[in-house]
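Colleague: Submitted below is the structure of interest, expressed as structure tokens.
In the working numbering, the protein residues as written are -12 to 479.
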């Protein structure tokens, strides 16, 4: 029997699209879809979809159509965008039994081997088992046990900043990678050129590239059978090397720790069952590491652009902690402005503006709008955290927002419903000790031009699953002549 030709594949794909379009119209009945851009036959809103920073476009659509829920149709795939905390709570929280699944990514996953990820795992028995294990090891009381490792990572970050302040961007990534690898595997990461940190960075780069370049193949899985020269699937050429990077970060630290436990050379002793559970945490923790690093990088950018916030935080630290020691976790209740600053750093530029899409498992109705089964449902955290009604002047960095006892920090930064990030408690404490430590020891300011004028960096962010500030230059210098001594003494 002769193989399919390219024409056959195109004809089949087009037929399936037409069928799905007609079937959806029949099933919809009399209720309308949520408002959105006008759809074209078959291709729907394919040509309306933004090329980057989608969260700002989705927020603008919500404002244009005066609706906190927006609908688009891309080649037969229904996409529902939630732009308000109200809509997200109603659907993703209260109706979580319908909205906890993930869109099918089997074609994509088969190319780069990401079936180990709890974040991408479809809702089901395996996911529930993983989630239970995560909760047992990362609930608030358990996360508290990791604070000594987080404190050590923060102190080592300060030393790295003291030695090479111009490398702050990579030092922040190194700190978060160190924490994740220490918690998951007990690996004592090297200060420079660590092999496992390098593996983690490669894996994160793969995730960023793959989620950006592979979006079309998840909308049209049949494209996996097309040659790599076909538009939209050129990244297949890189898939083999991507798969090797992803396998390495999952398998190599796990194997090294197992061997260290047998040889009794492990950095700290954990049970074999703990390591088995945390193998999945480390592989998924690379997402957490990049997210924490992104917030820390945003914090540094904010200190350059909003020096008054830095001054207020440092005055609070000096009045509570003094100048003869560095802050630790016991100081947190007494440093409300520093805590508010940490929250504002997460709100100002959320690390995952759109998060990972949910999938609706059966037809649903919300405020008179029809939501079809199989829809990709996106919680637009950017829109929620930049809601002018809740956060006046949302584009500005204003920690004072969170000094108001009535202002509850929205969990939109960590996802929704049963898919809320299980590592959020550890992430919050890592952020707090990292930010408090930097503020206590260093002054952050803009670089100066030849005339002595400050060169303020652009507030520019890279798009992707995790959004982080484009690299920028600034001055990071010790606050006092005693800062270096404090940092070095804290490591003894």
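We treat Cβ as the ideally placed atom computed from N, Cα and C, and that holds for glycine.
Please read all numbers here as calculations on a predicted model, not as lab measurements.
#1: Threshold first: 4 residues or longer. Then list the alpha helix (DSSP H) segments lying entirely within the stretch 393 to 454, N to C.
#2: With a cut-off of 8 Å, do at least 3 Cβ pairs link the stretch 328 to 335 to the stretch 39 to 55?
#3: So what does DSSP say about residue 358, is it helix, strand or coil?
#4: Name the residue from 159, 68, 304 whose alpha carbon lies nearest to the alpha carbon of residue 321.
#5: If you reduce the DSSP assignment to three classes, tell me which class residue 467 lands in.
#6: If we count the other Cβ atoms within 10 Å of its Cβ and call it buried at 16 or more, is residue 269 buried or exposed?
#7: Touching or not, the stretch 132 to 147 and the stretch 155 to 172, by the rule of three or more beta carbon pairs under 8 Å?
#8: Could you work out which residue in 314, 117, 192, 109 is closest to residue 422 when comparing CA atoms only?
#9: DSSP on residue 122, reduced to helix/strand/coil?
#10: Three or more C-beta pairs under 8 Å: does that hold for the stretch 356 to 367 against the stretch 103 to 122?
#11: Does residue 440 pass the burial test, meaning 16 or more other C-beta atoms within 10 Å, or should it be called exposed?
#12: Taking 8 Å as the limit between beta carbons, can you name the residues of its chain near residue 405, skipping five residues before and five after?
#13: Whose C-alpha, out of 457, 476, 416, is nearest the C-alpha of residue 132?
#14: What would DSSP say about residue 110, mapped onto helix, strand or coil?
#15: How should residue 242 be labelled, buried or exposed, when 16 other C-beta atoms within 10 angstroms of its C-beta is the threshold for buried?
#16: With a threshold of 6 Å on Cβ separation, who are the neighbours of residue 65 within its own chain once the five nearest residues in sequence on each side are excluded?
#17: What is the DSSP secondary structure of residue 346, counted as helix, strand or coil?
#18: Could you tell me how far apart the beta carbons of residue 461 and residue 431 are, in whole angstroms, since I believe they sit closer than 8 Å?
#19: Who are the near neighbours of residue 49 in its chain, counting only those whose CB is closer than 7 Å to its CB and skipping five residues on each side?
#20: For residue 373, which of helix, strand or coil comes out of DSSP?
#21: Contact defined as beta carbons within less than 8 Å: I believe residue 356 pairs with residue 21. What is the distance between those atoms, to the nearest angstrom?
#22: Quick check: what's the CA-CA separation for residue 129 versus residue 411?
#23: Name, in chain order, the residues that DSSP records as bridge partners for residue 31.
#24: In the DSSP assignment, find the beta strand (DSSP E) that holds residue 488 and state where it starts and stops.
#25: Spatial neighbours of residue 467 within its chain, please: C-beta separation below 8 Å, excluding the five flanking residues on both sides.
#26: Considering just the uninterrupted stretch of the beta strand (DSSP E) at residue 351, what are its terminal residues?
#27: CA-CA distance, residue 375 and residue 343?
#28: Label residue 124 either buried or exposed according to how many other C-beta atoms from any shown protein chain fall within 10 Å of its C-beta, with 16 as the threshold for buried.
#29: Starting from residue 170, trace the alpha helix (DSSP H) both ways and give me its first and last residue.
#30: Taking all protein chains shown into account, decide if residue 474 is buried (16 or more other Cβ within 10 angstroms of its Cβ) or exposed.
#31: Among the candidates 238, 192, 239, whose CA atom is the shortest distance from the CA of residue 226?
#32: Are the stretch 434 to 451 and the stretch 141 to 159 touching, with three or more C-beta to C-beta distances below 8 Å?
#33: Give the single residue among 345, 116, 61 whose Cα lies nearest to the Cα of residue 89.
#34: Applying the 10 Å Cβ sphere with the 16-neighbour rule, what's the burial state of residue 448?
#35: Straight-line CA distance for residue 385 to residue 420?
#36: Looking only at its own chain, which residues have a Cβ that is under 7 Å from the Cβ of residue 300, when we skip the five neighbours before and after it?
Modeller: Reading off the structure:
#1: 411 to 428
#2: no
#3: strand
#4: 304
#5: coil
#6: Caution applies to residue 269, whose pLDDT of 47 falls short of 50 and renders its modelled position unreliable; the model cannot decide the point.
#7: yes
#8: 314
#9: helix
#10: no
#11: exposed
#12: 83, 87, 110, 118
#13: 416
#14: coil
#15: exposed
#16: 359, 362
#17: strand
#18: 6 Å
#19: 55, 57, 70, 370
#20: coil
#21: 4 Å
#22: 12 Å
#23: 27, 61
#24: With the chain covering -12 to 479 only, the question about residue 488 has no answer from this structure.
#25: 310
#26: 351 to 353
#27: 24 Å
#28: buried
#29: 155 to 172
#30: buried
#31: 192
#32: no
#33: 345
#34: buried
#35: 20 Å
#36: 324, 325, 328, 426
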